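Inspection log for the structure reproduced underneath, given as structure tokens.
Protein chains in written order, with the working numbering: chain A, 1 to 344; chain B, 345 to 688; chain C, 689 to 1032; chain D, 1033 to 1376.
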């Protein structure tokens, strides 16, 4: 069986493992205070043109979201997210466990819109009994989104402007940031993100690392004492260098971008194949995740050889599935899948 | 510089890395639902003679403590710990962040005593206004303790009996469990722990893994829905197999016990050397951590070649330091250190 | 100006004040352990035919909701509520502040339906990755609802059945319980509530008390150690007898039911008047709250003499307002208001 | 039986009840936005010479402590308190329930000392691994203390200076503030408190009100959005005017000070009587609480007519008890008690 269900089914890019192996018996201080983490921090600050930004490394996405959001909000504030946002539906109430409500807005192709955020804020502060409701405090968005769609630079700028107007923090969950950047020409780059966001992550887990998310915090107020937050939320890795080393391997020599392009290229080839075969999509995604809708019989036939992720059963005997490529996807596997699709 | 400051300064035992390498391109389901985690679970259940026990793998110790304790307690209950306990002093309030007080008792050589726990419980339930105070709900202890001391089977049995009498859960933080087992003849083994505790951990981070703690939950009530707790606290690793694979490497073929013996043997040799050289100790530790007290001048001389962990400056121009060995300690380094000590 | 905006604009029924006055200089133990609270508990247990039920008195509704829900749920569980539910929109995230998500379902006339709850549960437990989502743990409903509508006994029984099927607790927020009972013939009575719910409240604040909600807990497991929860959430009143005394005054001699009928009678008279005058309603409410839709000009005219609660501006130059009666409403004021409406 | 066990055994001063009665049928907005609360706010600001201070009214002490402390602290910070402090021992972990550790220091006559606070801060920020421990964020003290002792102005100034030096907030729990002010000549007055503290409370519950604590917040940053915190913690009273009215009655015409003097005068007379009769005291308290140590036989004799609060059984067949006077204590009762003591 070939697995297209997610982008975290394999281990890590060989260069990542190489780095871990060659440094294995070196002795370093723990908790991310080693030279490799320092080097990776410097590299990220340069990429972001943000020499003052705080950079820390956490092991996973939910951990990063929970730590950042709890650090950014006052107790009575909530995080604004699309109703399909990861923090709203797939984190077992990790945000609520830190005391904060997730304020959901209807998604538009998986995205938040500036106008919906502005309307929420106007409604909140325009109400004389506002203190009886959770105050919007931060906007959470994921790049790429849960549905594989991607915010353009212009869209992100508009949202950042609304955030500034109403005093909200802006946080971008970049679990699939590499795939987003490789997908459309006008996606925000590292410098854009550092300029527009209070905090964003560069996801390693889904883009070639064993695990790890780099948290970049250009906002100096949010950055203050951030390591206390990490420790308190259980996210401070004893052998922190494992994270620094991985991000060095990923970000040096353009490996991260290269792996991302690889995955997106394969996914978009697959997308064209599905389109030509006449299938519709739940979302029009330009990145490494596709959401085609297939008749149950076709799906059953494919599932004899491939694993996908079921998204929803639909009327008329069809189903939407997620098909994912990643840095590790073998082009030959995609080619065979495309042949099997054409043969249906 | 040779580092004796802690037992997490290197990477992982080569056999651990080997396992990760040889499986790197295999595709598996995420979140600990892969065959390797299953295999490691089975192995641990066998070692513990606890075929029904829940076994889950987390990335770090604070994360494990916080997840287990929050799962075991009712909102108004607290965790009883020695005042030197890790959850009381070194986790930035991670337990409090889940809403629970840590109820501290004076330590005895780093340990809790059954009589002190019983006295606390009697005082609480004997008070008519008891609902104005936090109710003891769980006993937390670490094996080995923060000071390298080790509970004997008999001591653990006595504490377990007090816990049963007052309806408290018993949780053993086994971050250094291997070193404890290798240290004294009458330390509780896996079967004892599974029989006496509601939950305990088998620490990987400090005993040869890159990272990882196995959480063993013999208590079926506590085990219920435990994976929800893990996800909510940010501890569910996407590529969960990394944990299963590491524990397989550690626990198959007795590697874990072997590495632990290696470290304890070296530490105890060093202890005798220090004793013979006339130094006193803050605690009499039979495991891999030593806490000798040295004159400042001697310490300064050694610190030109070695890194230790300063525990406290003391009157009379002396200081107590921690000297740690681990699975990775080179016997030659210990030998040289002993020579340097004798030459002081 | 005559205020029809809410049902808590006045103080307390004179009989309530009388009780406080006549006992003012008596000395009693604090924290609800006085003879008056005991007497009120006994009375409530009799009314509910629930001799074993735990009964405690809290000062306010949000406090009661937060204390009960945090006591009933496991950390990873959420409270299911209508999207218009008080805990979902008007409590500044008080439930989230205790670590729990509010899982909202679309309301039907302000009510939850058994089928929607069942569908949510089936979707949750039917999903193999269920531990990535908040588990439904309790159903919250208010009787009467935020929109003045009232659950019939049959509706409540159906919901209770779904709760039993899926292992959820059932909690009824009775801030306006008196008005609900006075409104329709087949509303559940105290015995029904005690039989069907794990917990419910009898609201005093809006029905003749200065303040106070009686929390009735037929479920013995939920009842356990409940006073610890109250204290921990800041809800244990030092002079607890003030609550016992008020509930004695309200519940002895049928005053509570009598006051409720008074309010509902006046509201329903007003409703007929509004209907006859041709106004539509946002909701068809049989209790003490009405939600008529008026043209802006008519509203402006009335607002020269009366205070209402604006619910929403609507298209076409109209607005929906809340008009409330209460135990304290002067029939003459309603009569005059009706005349003014007819004269519009 | 005459009750000297606590200072909240009766209802309220008649002038307080009078105010409630005479305004009972007035209609006012809810939630503390009525004219009476506004009037009380203005009065308190004047008394404090703090025209910009935020003033809010809550129903109880634990509620006030929990709301203020959670509002003042960042998630990873703790509240420094004496180990006998109310938040440390008598609030069922209400502070921990908001996510914060209480950092206790050994008390000195029930008080915190500036040097102990400074030492704690120096130890914390002087440690290179500080982010592994809870950061001190606020100093909590009660005036008078749990043991009836009272901070002098000079002591409070010293503590405030330490707080400024290390960036900690200073919060004074004034549940017995009136009694403290009436006890010693150099106790800080309202202006001192407003000048030195970030927040303090003026306790009503124990000094003549039915219930209620006025929270005064001179610090504008802490004051921001404070009403959201109140609502979120379940402390916003629907008929908020009940609190405003009570504080108006208490603070107008010097009633609060007069009642406090009454209680302290009686207590201090009783103290001299006990001293002359040869009894020792657990603490030397100048306010309305006394902690004499009596032989068991004497105590038993007195307890046939009086209720005291047992503090601790002691060796040698003695016990320490709390004897409290209050605004409501009948001088004749104290006189009779003194006669009975002399007759022992």
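Glycine included, every Cβ here is placed at the ideal spot set by N, Cα and C. Note that this is a predicted model, so its numbers are computed, not measured.
Selection 980(C), 910(C), 719(C), 696(C) evaluated against residue 1041(D) yields 719(C) as nearest (Cα-Cα). If you draw a straight line from the Cα of residue 1160(D) to the Cα of residue 33(A), it comes to about 11 Å.
For the set 1158(D), 1133(D), 1118(D), the Cα lying nearest the Cα of residue 1139(D) is the one of 1118(D). Among the residues facing chain A, residue 1040(D) is not included, as its CB has no counterpart in that chain under 8 Å away.
Using a CB distance below 7 Å, the part of the region 1258–1285 of chain D facing chain A consists of 1259, 1260, 1261, 1263, 1264, ordered along the chain. Between the alpha carbons of residue 493(B) and residue 530(B) lies a distance of about 13 Å.
Residues 1203, 1231, 1247 of the same chain have their beta carbon placed closer than 7 Å to that of residue 1100(D), with the five preceding and five following residues left out of the count. What residue 419(B) touches in chain D, judged by beta-carbon distance under 9 Å, is 1125, 1129, going in chain order.
Using a CB distance below 7 Å, the part of the region 817–840 of chain C facing chain B consists of 819, 820, 823, ordered along the chain. Annotated as proximal: residue 1135(D) and residue 1152(D), with beta-carbon spacing under 8 Å. Chain order gives the chain B residues near residue 759(C) as 418, 419, 420, where near means a beta carbon separation below 9 Å. Taking a C-beta distance under 8 Å as the contact criterion, residue 136(A) and residue 168(A) qualify as a contact pair. Runs of the alpha helix (DSSP H) lying entirely within the region 868–950 of chain C and spanning at least 4 residues, in chain order: 878–884, 908–911, 914–920, 929–939.
Under a 10 Å Cβ-count criterion, residue 62(A) is classified as buried, with 16 or more other Cβ atoms of the shown protein chains found around its own Cβ.
Collapsing the DSSP output to three states places residue 1365(D) in a helix. Inter-residue distance for residue 580(B) and residue 408(B) is about 11 Å (C-alpha atoms, whole angstroms). Residue 939(C) places its beta carbon less than 8 Å from that of residue 735(C). Put simply, the CB of residue 1060(D) is near chain C, with a gap under 8 Å to one of its CB atoms.
In this model, residue 1289(D) and residue 1213(D) are separated by some 8 Å (Cα to Cα). Closest option to residue 599(B), judged by alpha-carbon separation, among 518(B), 671(B), 470(B), 437(B): 671(B).
Residue environment: residue 564(B) is assigned as exposed (fewer than 16 neighbouring CB atoms within 10 Å of its CB, all protein chains considered). With a 10 Å radius around the Cβ and a threshold of 16 neighbouring Cβ atoms, residue 1000(C) comes out exposed. Secondary structure at residue 969(C): strand, using DSSP grouped into helix, strand and coil. Scanning 1259(D), 1059(D), 1121(D) for the CA closest to the CA of residue 1273(D) turns up 1059(D). Nearest CB-CB separation between residue 434(B) and chain D: below the 8 Å threshold. Under the Cβ criterion of 8 Å, residue 15(A) is not counted among the residues facing chain C. Proximity of residue 262(A) to chain C, defined by a Cβ-Cβ separation below 8 Å, is not satisfied.
Residue 682(B) is bridged by DSSP to nothing; it lacks a bridge partner. Taking C-alpha positions only, residue 1124(D) is separated from residue 1133(D) by approximately 13 Å. Judged by their CB atoms, residue 279(A) and residue 147(A) are not nearer to each other than the 8 Å cut-off.
Judged by beta-carbon spacing, residue 969(C) lies beyond the 8 Å limit of residue 692(C), meaning their Cβ atoms are not closer than that value. Contact annotation: residue 458(B) and residue 506(B) have beta-carbon atoms nearer than 8 Å.
Two segments are said to touch when three or more pairs of C-beta atoms, one from each, lie closer than 8 Å; by this definition the region 33–45 of chain A does not touch the region 68–77 of chain A. The distance from the Cβ of residue 66(A) to that of residue 94(A) is about 5 Å, consistent with a contact at the 8 Å cut-off. Your pair residue 980(C) and residue 1026(C) does not check out as a contact, with CB atoms roughly 12 Å apart and the cut at 8 Å.
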